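Take a look at the structure set out below.
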Amino acid sequence: MGRDLTELCRQLRLAHVVDYVAGQDEKTSELVEKLLLAEREGRRRAKLGKLVQQAGFPHLKTFDGYVEEHITFPNGQPLDVLRELAWLEQKENLLLMGAVGTGKTHMATALGVEACRRGQAVQFYRASDLVAVLQEKFAAGTLTRFREKLRKLDLLILDEVGYVPFSQTGSELLFNVIADCYEQQSVIVTSNLEFGQWTSIFGDTKLTSALVDRLVHHAHILSFTGESFRLKQAMDRIPQ
Numbered sequence: 001m002g003r004d005l006t007e008l009c010r011q012l013r014l015a016h017v018v019d020y021v022a023g024q025d026e027k028t029s030e031l032v033e034k035l036l037l038a039e040r041e042g043r044r045r046a047k048l049g050k051l052v053q054q055a056g057f058p059h060l061k062t063f064d065g066y067v068e069e070h071i072t073f074p075n076g077q078p079l080d081v082l083r084e085l086a087w088l089e090q091k092e093n094l095l096l097m098g099a100v101g102t103g104k105t106h107m108a109t110a111l112g113v114e115a116c117r118r119g120q121a122v123q124f125y126r127a128s129d130l131v132a133v134l135q136e137k138f139a140a141g142t143l144t145r146f147r148e149k150l151r152k153l154d155l156l157i158l159d160e161v162g163y164v165p166f167s168q169t170g171s172e173l174l175f176n177v178i179a180d181c182y183e184q185q186s187v188i189v190t191s192n193l194e195f196g197q198w199t200s201i202f203g204d205t206k207l208t209s210a211l212v213d214r215l216v217h218h219a220h221i222l223s224f225t226g227e228s229f230r231l232k233q234a235m236d237r238i239p240q
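Under UniProt numbering, the residues of the sequence shown are numbered 1 to 240, in order.
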């Protein structure tokens, strides 16, 4: 029996198949190997579908046709490098900053989908939605269990930080989640506000400073400029 077939059986946890194939002829071994390859691919697809579904993406996005000329990338970290997800393996963050409608959420989602393809656990939240969930769990006494669930993620995506101001309790709860992630998991944040404006969202200057400090440390910051794609598309549809 070939080494490849032995490795396939190990990956699929089929110890008894190894014993069976060992006593068969080469033709049977080849057939079994084809069947096991099909099983492995089927399991991979099923796992990908489950991970993507669990991630809660509002829309599935890819990088097909994605425009990046208006994005300023960190030195040595262009889009093709970021797509390799080395930053995720190193538990680093991505901070996507810029005007509304310039492709930040699209990029965050596409990177999240790519992470799912590689077997990583991802969760997507609009920041205001996550704060609402945290407050609900806090009131119900189930916050600890929910935070434990979040700690099992490889990547947390926080979309639209800066669109809705939070209460003091909401800000503190979100800060605790960010603190849990620090150097343990990766976070992607999209925001239309510069860091200096985040106090208007979180309220407390010290809390905001501590939160930004944890996000920026070990982070790659991308700047999105230009006009809104959505606005441009809407204007293009108006008859001239």
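In this text, a Cβ means the ideal position worked out from N, Cα and C, and glycines have one as well. A quick note: this is a predicted structure, and the numbers were derived from the prediction, not measured.
For the beta strand (DSSP E) holding residue i, just list the boundary residues, first then last.
i: residue 155; result: 155–161
Along the chain, where does the alpha helix (DSSP H) that runs through residue i open and close?
i: residue 85; result: Neither: residue 85 is in no alpha helix (DSSP H) and is coded neither H nor E.
For residue i, count neighbouring C-beta atoms within 10 Å of its own C-beta (all shown protein chains included) and say buried if the count is 16 or more, exposed if not.
i: residue 140; result: exposed
i: residue 248; result: No statement about residue 248 is possible, as the shown extent of the chain runs from 1 to 240 and does not include it.
i: residue 123; result: buried
i: residue 126; result: buried
i: residue 110; result: buried
i: residue 216; result: exposed
i: residue 128; result: buried
i: residue 62; result: exposed
i: residue 119; result: exposed
i: residue 102; result: buried
i: residue 55; result: buried
i: residue 214; result: buried
i: residue 10; result: exposed
What is the C-beta distance between residue i and residue j, in whole angstroms, given that I count them as a contact (C-beta under 8 angstroms)?
i: residue 36; j: residue 8; result: 4 angstroms
i: residue 121; j: residue 159; result: At roughly 17 angstroms, the Cβ-Cβ gap does not stay under 8 angstroms, so residue 121 and residue 159 are not in contact.
i: residue 60; j: residue 113; result: 6 angstroms
i: residue 222; j: residue 71; result: 6 angstroms
i: residue 188; j: residue 94; result: 5 angstroms
Could you tell me whether the Cβ atoms of residue i and residue j are closer together than 8 angstroms?
i: residue 98; j: residue 224; result: yes
i: residue 186; j: residue 104; result: no
i: residue 152; j: residue 146; result: no
i: residue 106; j: residue 66; result: yes
i: residue 218; j: residue 194; result: no
i: residue 211; j: residue 166; result: no
i: residue 170; j: residue 207; result: no
i: residue 85; j: residue 108; result: no
i: residue 12; j: residue 40; result: yes
i: residue 177; j: residue 143; result: no
i: residue 51; j: residue 29; result: no
i: residue 74; j: residue 220; result: yes
Next on the checklist: List, from N- to C-terminal side, the beta strand (DSSP E) runs of 3 residues or more that fit wholly inside the UniProt domain "AAA+ ATPase" (90–222).
Outcome noted: 93–98, 122–126, 155–161, 186–191
Item to check | alpha helix (DSSP H) segments (min. 4 residues) lying fully within the stretch 1–71 | outcome: 3–12, 15–22, 26–55
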